[in-house]
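Below you'll find the structure, written out as structure tokens, and then a few comments.
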Amino acid sequence: MSGISRPPLILQVTGLRKSFTHNRPVCRDISLDVAAGEIVVILGESGSGKSTLLRCLGGQLEPDAGDVKIQDECGILQAIWALEEEERIRLLRSHAGFIQQRPQDGLRMNVTAGANIVESLALLGVRDFATMRRVARDAIEGVEIEAARVDDLPGSFSGGMQQRLQIARSLVKRPKLLLMDEPTGGLDVSVQAKVLDLLRKLVRSLKVAVLLVTHDLGVARMLADRIIVLKSGAIVEDGIADQILDDPHHPYTQLLVSSVLRA
Ligand code: ADP
Ligand code: MG
166 MSGISRPPLI
176 LQVTGLRKSF
186 THNRPVCRDI
196 SLDVAAGEIV
206 VILGESGSGK
216 STLLRCLGGQ
226 LEPDAGDVKI
236 QDECGILQAI
246 WALEEEERIR
256 LLRSHAGFIQ
266 QRPQDGLRMN
276 VTAGANIVES
286 LALLGVRDFA
296 TMRRVARDAI
306 EGVEIEAARV
316 DDLPGSFSGG
326 MQQRLQIARS
336 LVKRPKLLLM
346 DEPTGGLDVS
356 VQAKVLDLLR
366 KLVRSLKVAV
376 LLVTHDLGVA
386 RMLADRIIVL
396 KSGAIVEDGI
406 ADQILDDPHH
416 PYTQLLVSSV
426 LRA
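The following block contains the structure:
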């Protein structure tokens, strides 16, 4: 992308490595970045290290080597693993959202939909009840759920609605960066397209930078500005989505793209 000026980076990862005890490396020297407002999809088969990588970026798992930098409120890229734990949590909580594949892992199932949404605001210091109530109703309508459902428990929602609720919960704090692990992986195919469409609309209108991991080329095709292909924990291709889909260079990407075309 030389010659084209890119917006400032929101996420910059350099030389990230991770292995688990007695195991082969799961993330091998991964470097990537995501610019403001950009949707980057990491495509890789099951076991290629996608979830491990995201957990290292989201603060849940410390990498063995490398840097994970996230833009702070002053516009400075902060190496999150070099910060004190409290600072790291604060930075991630205020600037990053995390959407899990299983909504049960990203929602609190024993409190209402509205409470799930406003919880992240309370953590950021919003205390006024009337404001929270209004924000919860707006946010739930923003993900195309009736505002009247705000007092219902997430368990009474369908899978697609639970995932939309998780999206509302993450976006209400207006993060600069959204990290998503196979957000439609657990949904029926008929529901997947609707959730992806909504997600695309929301992140575009809010100008959130997105890093999404998936094994599903269809998801990459639908959402990605850039596609990064991960194979056995290493990046084999990284480029503009249209170029990668139309003219993949690495044999592995060629296989991925052609196998879907034939399917
Ligand atoms: P993906 O999300 O692409 O399916 P993962 O990151 O979940 O891949 O897993 C990559 C590899 O790391 C797998 O071989 C998996 O068994 C291993 N792995 C993941 N988490 C752990 C863990 N906590 N302890 C040991 N091995 C793990
Ligand atoms: Mg995974």
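Note that my numbering gives residue 309 to position 144 of the sequence shown, counting from 1, and the numbers run on in steps of one. All residues carry an ideal CB built from backbone N, CA and C; glycine is no exception. The structure displayed is predicted, hence computed values, not measured ones.
Within 10 angstroms of its Cβ, does residue i collect 16 or more other Cβ (buried), or is it exposed?
| i | result |
| --- | --- |
| Asp346 | buried |
| Gln136 | In this structure the chain extends from 166 to 428, so residue 136 is not present and cannot be described. |
| Leu286 | buried |
| Met297 | buried |
| Ala261 | buried |
| Asp353 | exposed |
| Asp293 | exposed |
| Phe185 | exposed |
| Pro268 | buried |
Leaving out five residues before and five after residue i in sequence, what residues of the same chain have Cβ atoms less than 8 Å from its Cβ?
| i | result |
| --- | --- |
| Leu181 | Cys192, Asp194, Ile195, Ser196, Leu218, Cys221, Pro228, Ala230, Gly231, Asp232 and Val233 |
| Ser423 | none |
| Ala428 | Confidence in Ala428 is poor, its pLDDT being 47 and thus under 50, which makes the residue's placement unreliable; the coordinate value appears in the next sentence. None. |
Since residue i is in the alpha helix (DSSP H), which residue starts that stretch and which ends it?
| i | result |
| --- | --- |
| Gly125 | Summary: the structure shown does not reach residue 125, with the chain confined to residues 166 through 428, and so no result is reported for it. |
| Arg220 | Lys215 to Leu222 |
| Met387 | Leu382 to Leu388 |
Can you list, in chain order, the residues of its chain whose CB lies under 6 Å from that of residue i, leaving out five sequence neighbours each side?
| i | result |
| --- | --- |
| Leu377 | Val206 and Met345 |
| Asp412 | none |
For the ligand MG, is there a heavy atom less than 7 Å away from the beta-carbon of residue i?
| i | result |
| --- | --- |
| Glu347 | yes |
For the beta strand (DSSP E) containing residue i, list its first residue and its last residue.
| i | result |
| --- | --- |
| Ile254 | Not the beta strand (DSSP E): Ile254 falls in the alpha helix (DSSP H), residues Glu250 to His260. |
| Leu344 | Leu342 to Asp346 |
| Ile393 | Arg391 to Lys396 |
| Ser196 | Pro190 to Ala200 |
So, for residue i: in the same chain, excluding its five sequence neighbours on each side, which residues have a beta-carbon less than 7 Å away from its beta-carbon?
| i | result |
| --- | --- |
| Ala333 | Ile282, Ala304, Ile305, Gly307 and Val308 |
Shorter than 7 Å, the distance from the beta carbon of residue i to the closest heavy atom of the ligand FAD, or not?
| i | result |
| --- | --- |
| Lys396 | You won't find the ligand FAD in this model; what it holds is the ligand ADP and the ligand MG. |
Between residue i and chain D, is there a C-beta pair that is closer than 8 Å?
| i | result |
| --- | --- |
| Val354 | Chain labels in this structure do not include chain D; a single protein chain is all it has. |
Pick out every residue whose C-beta is nearer than 5 Å to a heavy atom of the ligand ADP: which are they, in chain order?
Taking each Cβ in turn, the ones that pass are Phe185, Val191, Ser211, Gly212, Ser213, Gly214, Lys215, Ser216 and Thr217.
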